[in-house]
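J.: Protein chains in written order, with the numbering used here: chain A, 9 to 302; chain V, 9 to 302; chain W, 9 to 302; chain L, 9 to 302; chain P, 9 to 302; chain S, 9 to 302.
We treat Cβ as the ideally placed atom computed from N, Cα and C, and that holds for glycine.
Next comes the structure, spelled out in structure tokens:
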């Protein structure tokens, strides 16, 4: 069960509205790596967690924190949308320039009115939406909770890596000191979370619960003679220069081998002939001759 | 530019058709972590790669290998769908039992006809589709190519971890020796790829191109006093027992701190009053009295 | 900011696993009217609320309660998936019948293994997912937060009406006493929430903040001569018998009028001729004669 | 079966083209609450209607009217897109200013060419599309037809409330008198439809077919002791001040009760231990020690 | 503007319900090539048509007919869903067999209850839905209306070709004489429509409005030396045996040329070095040394 | 199995960056008729092909070529995004004008920064994405591979017709000579591919594998008396003037017949009364009287 506190985890208001930036900031709420993703991912991982209690508790801690991050960003977006221009100005081009020179109007409003997310005006009434920076809705395929904590913590590490980088990019895309201060806090928390998942992976492995490869016993299922070969499927051999092409493999079970000129092992495929009731084209199907149009 | 060879990288035909299993195996083609995802993810990362040549070459090697993995699975699914029963048998329950006891018919066909993916018959004519095991189509939001190789290699590691685990789970869900042999090869390749991304991350860091946190200089953007705190947002303190709650942080820049009873730092939010032209409900809006229905 | 308590709001475990029912129950988590929808809808409405404090506080109360409802259902689904059969049994039809008669095996397992959501095994490792009963992911277009509380409370009333009915339908689709007891609590809460939104609409209108029509002053924008006419666009006049065809309109501003034989008021459309650079087919476009194939 | 008349229900051409506004107006065709939604929702409800004939007839009347509303808007959008600028002008900034001052060119064209929906040029050849104002396609999850007319009429009331408000917002976002006149007619019809659903709900209840809660007998399924309690899940008690917190409930079956300090009733969740074949992390899983990379 | 007639264009009721078949038949309503697609595609093409009146009139004729086809199928699906079993029987395996032998129950009900579309029970109350046979919703990206009638009539021909074949496949998947009779009418109409688009393409070309290639003057934009070469991108030269590899091209403007061993014409790509503010990995980026975890 | 060559099939760099055009060009990568669609469509058709070897080989040739087309466009988009402006300039309106007049700044940058696809900066780091020009992701429902080569080659012809027209439209939307040269090559290849599918259809029919209608024997399933009638579902009879209304049908099996005043053949629908457990509204359902709110 959950409980809500009135105060935000952190907040600095923007110095002035900027509806185009509000549109862009939606990426941090509803994008593939936005706060809705990490919130839902950690909560579902926590609810599905069947491992030791410390992992479950930790997942629910951070998942619950992330609900509050959506809240912080929703509040920021509402402030950035305040006083958004709703329509292109009606004055002609000449007047616009004159007005601009005179300081009597703001020509940037036309750009703002044209380029902001139209749904911020029409649908949400200048509020945040569960969508990304191009208006595509957040969806459940953005998250994963597989039951295997090593695989899932790697998913979390990846999500925080992409998410932190996106926050830094958005930081670079504004000069508003309020927005920058606000993002700065979120960048710090994401830095923590990136460190946290690295530590959690270490913890999981030092507890002996998982190994290097997920799942731990994958090698008992695979043809191990192919499990350490790098196949060079493209022209050139620059790829031979990397750590992945020679030396011991990270799982400690083999040596990387570079196959410079790989050859297929399988046969040419021979798909079965089609069931005639489905009217696929077979090798021998015949129709009565026709001389019609194509 | 690309070139196609006729032979499959590897292939073992199934011992007998199984259209319900074919439906499930679609997860490995068109699911979030299926071969279409890794194929597209590595190709786009390769095409967008602006780092040293060995990374670009390596990305295109593995991306090109993965096109062939989609091909292998598509061939397998066509074989599993061969002779799929298209409709429920019309005999009544009594006859079915009699028939079953007599060995004269196969009651499992009814289950197969009812539970297989109907689009395998209606849409694709017993061929593979670019969709997952519930028929949801593969889509471009499944992949990421951010330009930052550390963030992207972590995405690759996560995709291979989930994908390998799914292949192992599917291995456990069949007794067909052909399918098992086929999956065994794919598990070996995915084991390689998981090792490969671990090695590639190590390579990237040892080259000095990226550090522990993505992006490398995130700490110059964030409020570092909050960058190493674990906030305990839920009842209980089992989460204090993990590696993420104490000791040096993996990035080597701080010490984990456990905040057992976190308090909000921000204010209560005060969203701006709505633009009257948008007819949001404000604190003071008044309408002429009405006595109508709700 | 949010906080998590360890105990569930309510819970009764199922008497026995039922993976097919688990698939169906996903509708209550990730369907259009599932708990993720009401959770997200109320939270976004609360975060975007610019009306009096009591509405905001109420929205966040119920939104926060709904997070816990997702948690309850996720726990239920994990229990229903426990010991799910992962593959069709390998024995032939004859043996299956014999085994069944002998009590030595459970033929329903084959149906379960074939008809359960395959992603519950392959993707989530027998955990709940943010998707509906056919595996379609929850997405942000399922919710609305418009800033107008009358329009939004009607959305909430509709969501709770559909959602409660779906819970009752699922109640009828199982005989498991644990599941029934669990759903019974959720049905009670949804009954409260349906009453709550009816009361909230009444409250909003009695406070004079909104009227009968959303938005309150819509009649100042519209051609009111058409605002109370029922147009009979189909054969027959049974539709004249309803309350919507005669008598005063609910908004107290007009009388319903039944137009039995409506005629178009507008002209025939004349779309503009196409820009030649876009190569649309115009009324007069001519190409050099060709005698080729189609 | 259906029949088409050539003339539009109503139409006023725009005074001048405005491709950016055309993009925004798409919300009324293909948005969540656009005309495609109400058209499809009423048609499917009508086709699925198993209640008295007057409801079925009425649903098909209005559903058929709505097909014509999509037609009206498609015609409007084609007119607004006429002569849309297809590319940014090539002259440099200085020339643009000079041109603007001289009146010899129209700098707003650059904004138009950059900010219009690119698919209006590339895909539809300056025609309307079945998508919303950010280009997201209309989809079938936008509608509901549940078979229960009370639940469905509430869905209709909500859709018309959101839809009417969006039309008013778009009315405010243009100064074109043709567009305003056109929208004015649509606002009038939506006003009718909002009144209509209120009247239809009243009709349904006065006929004794449905009660206050959908479905009517929900109280026979629920734990009624929880059916009238408001749980205060967030800090503060402003939510106690509303109609939903005290007094008789709208369904006439209880009294609202305000639970100021709610406590969970359920236990801590204990998800079952994972099936080892799925390789979820359990409380006790052990792997052979490894000293590899993470 | 549109008008509805009460009687269906054609209809034969099913002999008996079959909820699993109802699920499959949804493909013809809401699948990529179902009746919603052709309905919407022809209506939008008609509304956007800027060519001679006969094309516009014809498009609206057939588009209006297709609305009635959705209606016919929705009615059929409601009949097929009647008396659908809602839950798995509770008796154990042994009893089920005994019951089956005795004729006292119908074991196929368990398969039906498990394998039908769960939303047909939970969401639509045994009515049709705007979705395909795996429950994926119809969406606006399924249709095209480009303004070029040659391109669009080819789209229509393709849609009717796929759609007719799917109807034939579904015909083969049932033994119910009512369903077969009903489908038989639809197959006849689709046969007409396939002929119709072939004739319409012929008409358009004989009127001189369009040529062989869409758009007609594409050759004025292209490097025509590459416009008639077949590039052999795969092993083997079986592809040299087809009509596409030799002889005059259908557009009458060239001769097919078979390039057996194609070579790339372009350079190796050199993507620009990344903007440092976006933190992509460049060829030369350096970070302060770190010795942390990966 | 596949192999990658380093050089691009063709490439001309743009003369200068243009991030707004890069957004638009995404339509050719990830739109409904972009290169990802034809690539995936031809590969899946090739993998599923059960007809003579020349068709399979040809499909894989062209599918493999199309992978390289995605590569070419991805490289182009990276170049167009180079040096994209990341934020609106901070100077006020007056300064901007002054700066513009002075030549000291570039006011078009503001439009670029506002109107470019924000994900090109935030998500992909100025690289191409698998999405269309409004940012909607490519998805598997864009393609078809039905097993029937006539139906599929018509799908291919339609895709190349729409795709070629879109390429021409984009050609018209830029003045950059590099982009024009690059598109010119792609237009030539698409011209080939349109010719190719016309020839392939001819080939298939001259081999006697398929006839005029797909599938070839559809007339054995349909009520042929309805298979050649044009039903005039709309006001006016301009549609009688086309080739589709009179004369022999293209399949050589009938004569077109124009039905000027079509009448429904079927009955009024009578949907079955609802299962009471699902609580649909029936003709006779009664609830205990209530006098509550709506």
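Residue 150/V bridges to which residues according to DSSP?
T.: As a first step, residue 150/V is located in the second chain; it is residue number 142 there, counting from the start. DSSP output for residue 150/V lists no bridge partner at all.
J.: Taking 7 Å as the CB-CB limit, is residue 180/A close to chain P?
T.: Translated into the one-based positions of the first chain, residue 180/A becomes position 172. Yes, contact with chain P.
J.: For residue 148/V, I'd like the list of residues in its chain whose CB is within less than 8 Å of its CB, leaving aside the five on either flank, ordered along the chain.
T.: For the purposes of this step, residue 148/V is taken as residue 140 along the second chain, with counting starting at 1. Same-chain partners within the cutoff: 48.
J.: Compute the Euclidean distance between the alpha carbons of residue 227/S and residue 191/P, then round it to the nearest angstrom.
T.: Translated into positions along the sixth chain, residue 227/S becomes position 219. Translated into positions along the fifth chain, residue 191/P becomes position 183. Those two C-alpha atoms are separated by around 12 Å.
J.: Near residue 110/W, what residues of its chain come up, given a Cβ to Cβ distance below 6 Å and the 5 sequence neighbours on each side ignored?
T.: The residue given as residue 110/W occupies position 102 in the third chain. For residue 110/W, the predicted structure reports a pLDDT of 39, less than 50, and the residue's modelled location is therefore unreliable. The matter cannot be settled from this model.
J.: For residue 79/S, count neighbouring C-beta atoms within 10 Å of its own C-beta (all shown protein chains included) and say buried if the count is 16 or more, exposed if not.
T.: Numbered from its first residue, the sixth chain carries residue 79/S at position 71. By the neighbour-count rule (16 or more Cβ atoms within 10 Å), residue 79/S is buried.
J.: By how many angstroms is the C-alpha of residue 161/V removed from the C-alpha of residue 159/S?
T.: Numbered from its first residue, the sixth chain carries residue 159/S at position 151. Numbered from its first residue, the second chain carries residue 161/V at position 153. Taking the straight line from one Cα to the other gives about 41 Å.
J.: Along the segment 272 to 288 of chain W, where does the CB come closer than 7 Å to a CB of chain S? Name the residues.
T.: If the cut-off is 7 Å between Cβ atoms, the segment 272 to 288 of chain W has 285, 286, 287 near chain S.
J.: Flag this pair as yes or no: are the beta carbons of residue 206/S and residue 59/S separated by less than 7 Å?
T.: The residue you call residue 206/S lines up with position 198 of the sixth chain. The residue you call residue 59/S lines up with position 51 of the sixth chain. No. Outside cutoff.
J.: Counting beta carbon pairs with one atom in the segment 125 to 139 of chain S and one in the segment 114 to 132 of chain P, are three or more of them shorter than 8 Å?
T.: No: fewer than three Cβ pairs fall under 8 Å.
J.: Give the residues of chain S in contact with residue 144/A, contact being defined as C-beta atoms less than 8 Å apart.
T.: For this step, residue 144/A is matched to residue 136 along the first chain. Ordered by position in chain S, the residues that pass the 8 Å Cβ test against residue 144/A are 143, 144, 145.
J.: Quick one: which residues of the segment 44 to 63 of chain P get their C-beta closer than 7 Å to a C-beta of chain L? List them in chain order.
T.: Listed by position along the chain: 48, 52, 55, 56.
J.: Do residue 184/P and residue 23/P have their CB atoms nearer than 7 Å?
T.: The count along the fifth chain starts at 1 and reaches residue 184/P at position 176. The count along the fifth chain starts at 1 and reaches residue 23/P at position 15. Against a cut-off of 7 Å, the Cβ pair of residue 23/P and residue 184/P comes out as a contact.
J.: Please go through the same chain and pick out, in chain order, the residues whose beta-carbon is closer than 7 Å to the beta-carbon of residue 154/W, but skip the five residues on each side of it.
T.: Along the third chain, one-based indexing puts residue 154/W at 146. So the qualifying residues of the chain are 160.
J.: By the 10 Å Cβ neighbour count, where 16 or more other Cβ atoms means buried, how is residue 121/L classified, buried or exposed?
T.: Position 113 of the fourth chain, counted from the start, is the residue given in the question as residue 121/L. Answer is buried; the Cβ neighbour count reaches 16.
J.: Should residue 21/P go down as buried or exposed, given a rule of 16 or more other Cβ atoms within 10 Å for buried?
T.: The residue labelled residue 21/P in the question sits at position 13 within the fifth chain. With 16 or more other Cβ atoms within 10 Å, it is buried.
J.: Could you say if the segment 242 to 261 of chain V and the segment 207 to 216 of chain A meet the contact criterion of at least three C-beta pairs nearer than 8 Å?
T.: Short answer: they touch.
J.: Along chain P, in chain order, which residues have C-beta atoms closer than 8 Å to that of residue 177/A?
T.: Sequence index remark: in the first chain, residue 177/A carries index 169 (1-based). By Cβ distance, chain P contributes 285, 286, 287.
J.: Less than 6 Å between C-beta atoms, sequence neighbours within five positions excluded: which residues of the same chain meet that for residue 248/V?
T.: As a position in the second chain, residue 248/V is number 240, starting the count at 1. Same-chain partners within the cutoff: 266.
J.: Helix, strand or coil for residue 142/A? Go by DSSP, reduced to three states.
T.: Locating residue 142/A in the first chain gives position 134, where the first residue counts as 1. If DSSP states are grouped into helix, strand and coil, residue 142/A belongs with coil.
J.: Are the beta-carbon atoms belonging to residue 250/W and residue 196/L less than 7 Å from one another?
T.: Indexing the third chain from 1 puts residue 250/W at position 242. Indexing the fourth chain from 1 puts residue 196/L at position 188. Contact: no.
J.: Do residue 89/S and residue 175/S have their C-beta atoms within less than 7 Å of each other?
T.: Counting from one through the sixth chain, the residue named residue 89/S turns up at place 81. Counting from one through the sixth chain, the residue named residue 175/S turns up at place 167. Taking 7 Å as the Cβ cut-off, residue 89/S and residue 175/S do not qualify as a contacting pair.
J.: Are there 16 or more other CB atoms within 10 angstroms of the CB of residue 95/W, so buried, or fewer, so exposed?
T.: Taking the third chain and counting its residues from 1, one reaches residue 95/W at position 87. The residue is buried, with at least 16 neighbouring Cβ atoms inside 10 Å.
J.: Which residues mark the beginning and the end of the beta strand (DSSP E) in which residue 265/W is found?
T.: Looking up residue 265/W in the third chain gives position 257. From DSSP, the beta strand (DSSP E) with residue 265/W extends over 265 to 267.
J.: How would you label residue 284/W, buried or exposed, when you count the other beta carbons within 10 angstroms and need 16 or more for buried?
T.: Against the third chain, residue 284/W aligns to sequence position 276. Exposed: under 16 other Cβ atoms inside 10 Å.
J.: Can you tell me the Cβ-Cβ gap for residue 244/P and residue 65/S, rounded? I've got them flagged as a contact below 8 Å.
T.: Your numbering for residue 244/P matches position 236 in the fifth chain. Your numbering for residue 65/S matches position 57 in the sixth chain. Yes, they are in contact, since the Cβ atoms of residue 244/P and residue 65/S sit about 6 Å apart, within 8 Å.
J.: Can you check whether the CB of residue 141/S is closer than 7 Å to the CB of residue 12/L?
T.: Within the fourth chain, residue 12/L is the residue found at index 4, counting from 1. Within the sixth chain, residue 141/S is the residue found at index 133, counting from 1. Contact flag unset, no.
J.: Of all the alpha helix (DSSP H) runs that stay within the bounds of the segment 191 to 225 of chain V, which reach a length of 4 or more residues?
T.: Whole alpha helix (DSSP H) segments, 4+ residues: zero.
J.: Rounding to the nearest angstrom, what Cα-Cα distance links residue 203/L and residue 218/W in this structure?
T.: The sequence position of residue 203/L within the fourth chain is 195, counting from 1. The sequence position of residue 218/W within the third chain is 210, counting from 1. Residue 203/L and residue 218/W: Cα-Cα distance of roughly 15 Å.
J.: Taking the CB atoms as reference points, tell me whether residue 246/V and residue 61/A lie closer together than 7 Å.
T.: As a position in the second chain, residue 246/V is number 238, starting the count at 1. As a position in the first chain, residue 61/A is number 53, starting the count at 1. Yes. Within cutoff.
J.: Give the single residue among 130/W, 132/W, 171/W, 270/W whose Cα lies nearest to the Cα of residue 131/P.
T.: Taking the first residue of the fifth chain as position 1, residue 131/P is located at position 123. The shortest C-alpha separation from residue 131/P is found at 171/W.
J.: Of the choices 67/A, 86/A, 50/A, whose alpha-carbon is the least far from that of residue 53/W?
T.: For the purposes of this step, residue 53/W is taken as residue 45 along the third chain, with counting starting at 1. The shortest Cα separation from residue 53/W among 67/A, 86/A, 50/A belongs to 86/A.
J.: Which residue wins for smallest C-alpha separation from residue 232/L, given the options 45/W, 213/W, 194/W, 150/W?
T.: For the purposes of this step, residue 232/L is identified with residue 224 of the fourth chain, where counting begins at 1. Considering only alpha carbons, the answer is 194/W.
J.: According to DSSP, simplified to helix, strand and coil, what is residue 41/P?
T.: Locating residue 41/P in the fifth chain gives position 33, where the first residue counts as 1. Here residue 41/P sits in coil by DSSP.
J.: Since residue 237/L sits in a beta bridge, which residues does DSSP pair it with?
T.: Working through the fourth chain from its first residue, we reach residue 237/L at position 229. Its beta-bridge partners are 265/L.
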